[in-house]
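Numbering (the numbering used here), first residue to last: 295 to 501.
Ideal Cβ positions, reconstructed from N, Cα and C, are used throughout, including at glycine.
Please read these numbers as outputs of a predicted model, since none were measured by experiment.
Structure representation (structure tokens):
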């Protein structure tokens, strides 16, 4: 998970990393894949990007561009990470002590976003969460110092959960939503979209 589950900040460079963007035509149809299910945002303008497949990791990504700005984007990322073992990294009780799992997630966010890297951590809070399962809830804010679409520093806000899949403590499901843009760029519907997405997320049997 250390290299791949690098929180939303290192992955949600939405419009620059995808090979295609398919409009979501019917937002009432759930997206079901890789051991999870969720409804796409009900608001217009959202796209599904190509799924990403890396070693032991499969991700579904959605994005929304601001028609009035090249720098303002929203993104949803849901990933399944398989075959990891936090015990090797010094967290042997990750599956029985929620605070240990939250600390493991927090350490991975910091490891994936070092002070000299592209994404500078401004705020980071990771706490245990009992819903929707055995999870750690993350709230983070970053400065993006390497955007190809803006000469200035962009700000990125992340809201995410990292959970052990109910069927296996060796499978992590990470899901969250992110907003990135210049200071002052903000989607007025973000809070509603975010809360609905996080609330409606569900686990499915592993494939």
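Residue i to residue j span [Cα, whole Å]
i, j, result
"residue 329", "residue 495", "11 Å"
"residue 322", "residue 332", "10 Å"
"residue 473", "residue 480", "8 Å"
"residue 318", "residue 408", "35 Å"
"residue 391", "residue 434", "22 Å"
"residue 483", "residue 456", "24 Å"
"residue 443", "residue 387", "43 Å"
"residue 462", "residue 320", "32 Å"
"residue 299", "residue 467", "Only weak support exists for where residue 299 lies, its pLDDT of 37 falling under 50; the value from the coordinates is given anyway. If you take the alpha carbons of residue 299 and residue 467, they lie about 9 Å apart."
"residue 375", "residue 344", "17 Å"
"residue 316", "residue 347", "18 Å"
Local conformation of residue i per DSSP, three classes
i, result
"residue 461", "coil"
"residue 485", "helix"
"residue 298", "Unreliable placement is indicated for residue 298, whose pLDDT of 38 sits below 50; the coordinate value is still reported in the next sentence. Three-state result, residue 298: coil."
"residue 422", "strand"
"residue 480", "coil"
"residue 358", "strand"
"residue 405", "helix"
"residue 341", "strand"
"residue 507", "Any answer about residue 507 is impossible in this case: the structure gives the chain only from 295 up to 501."
"residue 469", "strand"
Beta-bridge partners of residue i, as assigned by DSSP
i, result
"residue 437", "414 and 449"
"residue 431", "421 and 455"
"residue 352", "347 and 374"
Inspect the CB distances between the region 356-372 and the region 336-347 and report whether three or more fall short of 8 Å. The answer is yes - the region 336-347 touches the region 356-372, with three or more Cβ pairs under 8 Å.
Inter-stretch contact (C-beta, 8 Å, three-pair minimum) for the region 406-425 and the region 380-388: No contact exists between the region 406-425 and the region 380-388.
Touch check for the region 460-473 and the region 484-492: three-plus C-beta pairs under 8 Å? They touch, by the three-pair rule.
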